[in-house]
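Engineer: Mapping to full-length UniProt numbering: the sequence shown position 187 is 187, numbers consecutive.
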Amino acid sequence: MFGWIVLIVLILLLLIIAASCIKIVPQAHAMIIERLGMYRATWSTGLHFKVPFIDRVAKRVNLKEQVVDFAPQPVITKDNVTMRIDTVVFFQITDPRLFTYGVENPIMAIENLTATTLRNIIGDMELDATLTSREIINTKMRASLDVATDPWGIKVNRVELKNIIPPAAIQEAMEKQMKAERERREAILRAEGEKKSTILVAEGKKESEILDAEAEKQATILRAEAEKEKMIREAEGQAEAILKVQQAKADGIRFIKEAGADQSVLTLKSLEAFAEAADGKATKIIIPSEIQGIAGLAASLKEIVTEEK
1 MFGWIVLIVL
11 ILLLLIIAAS
21 CIKIVPQAHA
31 MIIERLGMYR
41 ATWSTGLHFK
51 VPFIDRVAKR
61 VNLKEQVVDF
71 APQPVITKDN
81 VTMRIDTVVF
91 FQITDPRLFT
101 YGVENPIMAI
111 ENLTATTLRN
121 IIGDMELDAT
131 LTSREIINTK
141 MRASLDVATD
151 PWGIKVNRVE
161 LKNIIPPAAI
171 QEAMEKQMKA
181 ERERREAILR
191 AEGEKKSTIL
201 VAEGKKESEI
211 LDAEAEKQAT
221 ILRAEAEKEK
231 MIREAEGQAE
241 AILKVQQAKA
251 DGIRFIKEAG
261 ADQSVLTLKS
271 LEAFAEAADG
281 KATKIIIPSE
291 IQGIAGLAAS
301 LKEIVTEEK
């Protein structure tokens, strides 16, 4: 009975040992295997077996991209302004073996390296350039850190300046400067608005005067054309009336001639014409000698007619 118990215990121990020798490496991870204290292999994703009591898993390495936020570091600019800057580093382990055996504490090493690199870069820049050149600083830091961490099996993908905290006096001066700049821009915008408004009003007044002048011009032209048409119609009417009068006179003369009128009839017509000429509208009348003779003849005819009556 005791022998069966010992056998069962041994079998259980063997099963436990066999189960401990089976290792499954998940995705985006790696395992560093040592045999008798020496590096043997790097296991990637999948199922693996190790020799019991000889091989051991020295380190499990995460191959995903990792983000580390470091505390603000004091730095001094070229113009002797002390400020605090905190950085964010995005890195990824590319070689698990170098990461395991290259440096004792990789995260601390990256933090110290970031602080020294940042001080070197900011020390060559003035305050204004530091505040406006984040992208340049990020690029320089990423390049320096990537070269420095390459022997550790680490690749620095990106470095970002999270916060730049200048001294309180500098912040107050910057706020005053920003306020003055905003007030200046506001004054400029107000002046430009008033200028545009004045220009628009002047242009509107100018266009209004032009339209008024154009309307007056058109009205004058229309009045002149109407007056011209009126005068033409009056002249045409007068011409037509004169033509009709002359036509009537011509018809009368022709009628007299066709009727065979003698010298006495012609004389009477001359007297009628003279009477029309002396209708009271003329201030001076010049009577030809022939008309005077005709007048004497008319007086003689009048006496004869009177004696007959």
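Where is the CB? At the ideal position from N, CA and C, for every residue including glycine. None of the values given here were measured: they were computed from a predicted structure.
Cβ atoms of Ile33 and Ile93: under 7 Å apart, would you say?
Structural biologist: The answer is no: Cβ separation not under 7 Å.
Engineer: Hey, quick one: how far does the beta strand (DSSP E) through Leu36 stretch, first residue to last?
Structural biologist: Note, Leu36: premise wrong, no beta strand (DSSP E); not H, not E.
Engineer: May I have a chain-ordered list of the alpha helix (DSSP H) segments no shorter than 4 residues that lie completely inside the UniProt domain "Band 7" (20-178)?
Structural biologist: Entirely contained in the UniProt domain "Band 7" (20-178), the alpha helix (DSSP H) runs reaching 4 residues are, in chain order, 96-101, 106-123, 127-132 and 134-149.
Engineer: Please name the residue, chosen from Ile164, Pro166 and Lys140, that lies closest to Val156 on a Cα-to-Cα basis.
Structural biologist: Among Ile164, Pro166 and Lys140, the Cα nearest to that of Val156 belongs to Lys140.
Engineer: When the cut-off is 7 Å and only beta carbons count, does Ile8 lie next to chain B?
Structural biologist: Given the protein chain composition of this structure (a single chain), no chain B is represented.
Engineer: Between which residues of its own chain and residue 339 is the CB-CB distance below 8 Å, once the five residues before and five after are set aside?
Structural biologist: Since the first residue shown for the chain is 1 and the last is 309, residue 339 is missing from the structure and cannot be characterised.
Engineer: Using the C-alpha atoms, what's the distance from Arg233 back to Ile210?
Structural biologist: So the alpha carbons of these two residues sit roughly 34 Å apart.
Engineer: Any idea if Phe2 is buried or exposed, counting beta-carbon neighbours within 10 angstroms, 16 or more meaning buried?
Structural biologist: The residue is exposed, with fewer than 16 neighbouring Cβ atoms inside 10 Å.
Engineer: When the Cβ atoms of the stretch 60-71 are set against those of the stretch 119-139, are three or more pairs found closer than 8 Å?
Structural biologist: In short, these stretches do not touch, since the Cβ pair count stays below three.
Engineer: Given that a residue counts as buried once 16 or more other Cβ atoms are within 10 Å of its Cβ, and exposed if not, what is Pro26?
Structural biologist: Per the 10 Å Cβ criterion, exposed.
Engineer: Taking the Cβ atom as the reference point for each residue, do Val75 and Leu113 lie within a distance shorter than 7 Å?
Structural biologist: Contact: no.
Engineer: Once DSSP output is grouped into helix, strand and coil, what is the label at residue 378?
Structural biologist: Beyond the ends of the chain as shown, which are 1 and 309, falls residue 378; an answer cannot be given.
Engineer: In angstroms with no decimal places, state the Cα-to-Cα distance between Ala109 and Val57.
Structural biologist: Each residue's Cα considered, the two are about 24 Å apart.
Engineer: Give the secondary structure of Ala18 by DSSP, where H, G and I count as helix, E and B as strand, and everything else as coil.
Structural biologist: Reduced to three states, the DSSP call for Ala18 is helix.
Engineer: In whole angstroms, what is the alpha-carbon distance linking Gly237 and Glu214?
Structural biologist: Each residue's Cα considered, the two are about 34 Å apart.
Engineer: Would the beta-carbon of Arg35 fall within 7 Å of that of Ile54?
Structural biologist: Closer than 7 Å, so yes.
Engineer: Let's test the definition: count the other Cβ atoms within 10 Å of the Cβ of Phe49 and tell me whether it reaches 16, buried, or not, exposed.
Structural biologist: With fewer than 16 Cβ atoms within 10 Å of its Cβ, Phe49 is classed as exposed.
Engineer: Going by the beta-carbon positions, is the gap between Ala30 and Pro106 smaller than 7 Å?
Structural biologist: No, the Cβ-Cβ distance between Ala30 and Pro106 is not below 7 Å.
Engineer: Spatial neighbours of Arg142 within its chain, please: C-beta separation below 8 Å, excluding the five flanking residues on both sides.
Structural biologist: Around Arg142: Val156, Asn157, Arg158 and Val159.
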